[in-house]
Structure formats: C-alpha cells, structure tokens
Amino acid sequence: MPGATALKRKLNQPSKPSELRRKMLASIQIQWKQMRPDLHGDDAALRDERLAYVTDLLKLKKPLTSLSVLSDKQLGVVLDGFRRKLECPRAVEHKPPVVPSAEIIHLAGSEQVFTLGKLFNYLGWSVETRAEFVAERFKRPNPAMLSPRQANSLTMILLTIAAARDLKEQGVSQSRKDTNAYIPTLKSKLAIGERKN
C-alpha cells in the first residue's frame with residue numbers, strides 16, 4: 010500500500026524535536042556569549058560559567074556537567090531566562106569563582122626545634138648528617154621547616170636512637186621494651202620536656 014510505505018518512510022526520518030533541540034543548544038551558547046563578553050576568547054571559562062549559571066537558574070541539586078543532559082523543557086526554561094537577562098543586562102549575575110582558601114602550614118615551635126638541636130648535639134651528628142637525616146625522612150631541609158607533628162615524630166626517633174646507644178654503651182639489653190623504658194631517664198638527663206617556671 011502506498012500510504013503505508015509513505016508512513017514508514019516518514020517514521021524513519023530524523024525526528025523534528027532533535028533538530029529543534031540542536032537549535033536550542035546552539036542558541037543557548039550564542040546568547041551566553043552575548044551575556045558574558047568578558048569571557049570572550051576563553052572557551053573553558055565560558056563553558057564552566059555557563060554550566061554554573063544554568064545549574065543555578067534551574068535550581069539543580071548537582072552541578073551540571075553538560076547541557077545535553079537537560080530535557081527540552083529545561084532547555085526552554087534556560088532560553089527564556091537568557092532572553093530576560095539580555096533584555097535587562099544588569100540582571101546578569103557574575104559570581105566570582107570560589108577560590109579555596111590557601112592551606113596554612115604551621116611550623117614547629119622554637120622549643121621543638123631547640124629540643125631537636127639538643128638531641129642532635131647529644132648524638133654528636135654533623136650538620137650534614139642532620140640535614141640528610143631530616144631530608145630523607147621528612148623531605149625538609151632542616152628541623153625548623155617541619156610541622157609540629159613531624160617535629161614530635163623526629164624527637165621520638167632521635168630519643169630512641171640515643172636511648173639505644175646509651176644502653177649499648179652500658180652493655181645492657183637494647184630491646185624495644187628496654188629502650189622505651191630508658192627514654193624517660195634520657196629525657197630527664199637532657200632536661201627535655203621540663204617546663205620552665
């Protein structure tokens with residue numbers, strides 16, 4: 010039947026809405042460039058700002074990653090919103106990008122650095138040996154550049170090394186248990202951790 014063949018041909022043709030959708034997406038991109046001439050030439054920023062603006066405009070819960078995921082109805086809402094903004098340019102809100110605050114790195118306190126120096130002196134290590142030891146374990150040029158946590162860690166490492174050496178010189182066991190038990194004696198001997206009045 011001729012009518013059935015014509016109907017079948019019509020059904021196999023690309024649907025009109027898809028063409029309309031392409032035009033809507035193209036129109037959104039063109040209008041956004043008109044709304045944001047300050048981003049001319051920066052395609053990445055233009056795209057990111059457009060997606061952020063549309064996310065706010067549609068009050069979406071998750072940030073939009075592509076306009077292609079929007080329904081035809083949502084694209085229509087976006088176009089209407091853009092047209093209103095173009096008619097009233099002052100209404101275009103340019104939100105500055107949120108810059109994450111710079112990480113603040115706290116360095117070891119003067120008492121911690123002094124204690125580390127005292128332990129290095131007690132061990133009799135040269136300046137070069139100290140620098141190599143710190144750089145190898147903490148990727149820092151010297152103890153003054155360590156964080157408080159790193160300084161505490163290095164203090165315990167040096168106390169353990171010094172305690173084991175003392176016990177060896179005394180000719181007694183240097184087991185972990187004996188070394189840990191001797192550390193308070195060593196700290197007292199070197200006046201480490203004592204509060205000044």
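Following the numbering used here, the numbering of the sequence shown begins with 10 at its first residue and continues without gaps.
Ideal Cβ positions, reconstructed from N, Cα and C, are used throughout, including at glycine.
- Straight across, the Cα-Cα distance linking F91 with A153 is about 56 Å.
- When rounded, the separation of the alpha-carbon atoms in Y62 and R139 is 55 Å.
- Taking the Cα of I170 as reference, the smallest distance to any Cα among L132, L67 and Q38 is reached at L132.
- In the DSSP assignment, N189 falls within the alpha helix (DSSP H) that extends over R185 to K198.
- Burial check for L29: the Cβ neighbour count within 10 Å stays below 16, so the residue is exposed.
- Shown here, W134 sits in coil according to DSSP, grouped into three states, outside any helix or strand.
- Here Q159 is buried: its Cβ has 16 or more other Cβ atoms, across all protein chains shown, within 10 Å.
- G202 places its beta carbon 8 Å or farther from that of P157.
- Within 10 angstroms of the beta-carbon of M44 lie 16 or more other beta-carbons, which makes it buried.
- The continuous alpha helix (DSSP H) containing L66 extends over residues D52 to L66.
- L66 and V87 have their C-alpha atoms some 7 Å from each other.
- The three-state secondary structure of V181, taken from DSSP, is coil.
- Judged by beta-carbon spacing, T124 lies within the 8 Å limit of T164, meaning their Cβ atoms are closer than that value.
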